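Take the sequence shown: its letters are residues 1 to 198, numbered as in this note's numbering.
Heads up, the beta-carbon is just placed ideally off N, CA and C, and yes, glycines get one too.
Everything numeric in this text was worked out from a predicted model, so none of it was measured.
Just below is one structure, and these are the notes that go with it.
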Amino acid sequence: MRGCRPVSYAICWVEGYGSYRTFDGQTFHYPGACSLTLVRVRGQSQLPHFQVTVEKIPIGLRDFARHLKIEAEGTHISVKMGEGAKTKVNGQTVGIPFSVSSGHIRIYHSSVKGVVIETTFGVLVRADWPHVIRITAPGNYNGILGGLCGNLNGDPDDDFFSPSGIPLHNSQQFGDSWRDGSTLCGTSSLGTWTLPEH
Numbered sequence: 001m002r003g004c005r006p007v008s009y010a011i012c013w014v015e016g017y018g019s020y021r022t023f024d025g026q027t028f029h030y031p032g033a034c035s036l037t038l039v040r041v042r043g044q045s046q047l048p049h050f051q052v053t054v055e056k057i058p059i060g061l062r063d064f065a066r067h068l069k070i071e072a073e074g075t076h077i078s079v080k081m082g083e084g085a086k087t088k089v090n091g092q093t094v095g096i097p098f099s100v101s102s103g104h105i106r107i108y109h110s111s112v113k114g115v116v117i118e119t120t121f122g123v124l125v126r127a128d129w130p131h132v133i134r135i136t137a138p139g140n141y142n143g144i145l146g147g148l149c150g151n152l153n154g155d156p157d158d159d160f161f162s163p164s165g166i167p168l169h170n171s172q173q174f175g176d177s178w179r180d181g182s183t184l185c186g187t188s189s190l191g192t193w194t195l196p197e198h
């Protein structure tokens with residue numbers, strides 16, 4: 001039936017300097033910086049494809065600035081979190097609230113320092129400064145997701161898989177496998193940030 005919504009949702013979160021909880025409830029710590037894939041649709045699927053990545057950049061000895069990047073249905077969204085926060089859609093800075101012209105994505109504030117990206121297909125990304133990201137995904141993505149948020153199949157014991165499907169044995173291997181090797185760690189400037197070319 002057209003317009004029906006899935007009955008179940010799962011939440012993945014990233015908090016602080018590297019605490020993660022997958023959609024299936026597995027908790028782990030991965031303190032790595034650089035660009036990390038939090039979630040993406042793996043393989044072929046009739047469901048709308050999306051991907052969420054975060055770029056963690058060391059500032060001083062402890063703090064991180066984050067650039068959150070979302071790609072959904074051909075739209076690229078980039079959110080620079082923190083002081084002087086900026087949101088870009090397809091490379092253009094936009095004010096919030098904002099709706100993508102196709103209507104399938106809305107961006108709005110959840111608080112003074114919080115941003116929500118909401119899709120019509122049930123995926124919601126909420127970024128609250130300082131350092132909390134929550135991704136909500138509908139249950140119809142069961143088993144077809146990958147990334148540091150796991151696979152959303154209800155089993156927390158099988159979340160640690162590499163992008164190529166190899167089972168991994170610890171959170172360090174798991175985190176390293178979802179790191180974008182094209183981003184040099186620690187060399188990014190907070191003054192410039194771009195969307196990845198696809």
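- Task: Give me the Cα-Cα distance between PHE174 and ASP157, rounded to the nearest whole angstrom.
- Result: Straight through space, the alpha carbons of ASP157 and PHE174 are spaced by roughly 13 Å.
- Query: Could you give the uninterrupted runs of the beta strand (DSSP E) lying entirely in the stretch 18-88, keeping only those of 3 residues or more?
  - Reply: 19-21, 27-29, 34-41, 50-59, 63-72, 75-80, all fully within the stretch 18-88.
- Task: Return the CA-CA distance between ARG40 and LEU152, expressed in angstroms with no decimal places.
- Result: When the Cα atoms are used, ARG40 and LEU152 turn out to be separated by approximately 11 Å.
- Query: With distances taken between CB atoms, is the gap from LEU36 to ILE133 smaller than 8 Å?
  - Reply: No, they are not a contact pair.
- Taking just the CA atoms, how far does PRO48 sit from VAL115? The alpha-carbon of VAL115 is positioned some 22 Å away from that of PRO48.
- Can we say the stretch 124-139 touches the stretch 93-101, given the rule of at least three CB pairs closer than 8 Å? Result no; under three Cβ-Cβ pairs closer than 8 Å.
- Query: If you follow the beta strand (DSSP E) that GLY95 is part of, which residue opens it and which one closes it?
  - Reply: Unbroken run through GLY95: none, as it is neither H nor E.
- Environment of HIS198 [buried if 16+ CB atoms lie within 10 Å]: In this predicted model, HIS198 has a pLDDT of only 31, less than 50, meaning its place in the structure is not dependable; the value taken from the coordinates is given anyway. Burial call: exposed.
- Message: DSSP has TYR9 in a bridge; who is on the other side?
- Response: Answer is PRO138.
- What's the call for THR27, buried or exposed, on a 16-neighbour Cβ count within 10 Å? It counts as exposed.
- Taking the alpha-carbon positions, what's the SER162 to TRP178 distance? Each residue's alpha carbon lies about 7 Å from the other.
- Query: Closest by CA to ALA72, which one among ARG66, VAL89, ALA85, MET81?
  - Reply: ALA72 has its Cα closest to that of VAL89, out of ARG66, VAL89, ALA85, MET81.
- What are the partner residues of THR200, as DSSP defines its beta bridges? Since the first residue of the chain shown is 1 and the last is 198, residue 200 is not available in this structure.
- Message: Comparing C-alpha positions only, which one of HIS169, GLN172, ALA137 sits nearest to VAL7?
- Response: Nearest of HIS169, GLN172, ALA137 to VAL7, Cα basis: ALA137.
- Task: Go through its chain and collect everything with a Cβ distance to LYS86's Cβ below 7 Å, but skip five positions before and after it.
- Result: The residues are LYS80, THR93.
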